[in-house]
Amino acid sequence: MTTDSESAKEPSIEVCFGPECSDCGGRELAQELQALGMKTFEGDCRDQCPNAPLVLVDNRMITDASLEKVQARITALRATSPLKQD
């Protein structure tokens with residue numbers, strides 16, 4: 000049996016810290032997300048350098064990532080799944 004706390008999980012947020020993504024703001028984006036209370040993970044290069052920075056939210060790729068794009072993806076996930084609400 001799954002409890003409410005087990006099914007209401009936060010999304011996994013992986014930020015690429017490869018050279019191109021870092022140069023295009025990946026590290027700063029991770030810091031912004033962390034400042035909002037989101038847990039991020041350092042990701043490996045996924046060969047999306049021309050589309051940097053890259054973020055994966057629950058394994059869904061966001062290219063040319065921004066704080067707004069990541070927040071929009073999380074909002075969309077929450078609308079369709081039992082993610083933890085703020």
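Just so we're aligned: the sequence shown equals residues 0 to 85 in numbering that gives the first Met the number 0.
Beta carbons are placed, not taken as given, at the ideal position from N, Cα and C, and that holds for glycine.
Exposure of residue i, with buried meaning 16 or more beta-carbon neighbours within 10 Å
i	result
residue 25	buried
residue 29	buried
residue 64	buried
residue 59	exposed
residue 36	exposed
Bridge-paired residues (DSSP) for residue i
i	result
residue 40	13
residue 59	56
Contact belief for residue i with residue j at Cβ below 8 angstroms, rounded distance in angstroms
i	j	result
residue 54	residue 13	7 angstroms
residue 69	residue 32	6 angstroms
residue 38	residue 9	7 angstroms
Residue i to residue j span [Cα, whole Å]
i	j	result
residue 20	residue 51	5 angstroms
residue 47	residue 22	13 angstroms
residue 77	residue 40	20 angstroms
residue 62	residue 80	22 angstroms
residue 74	residue 15	21 angstroms
residue 49	residue 34	27 angstroms
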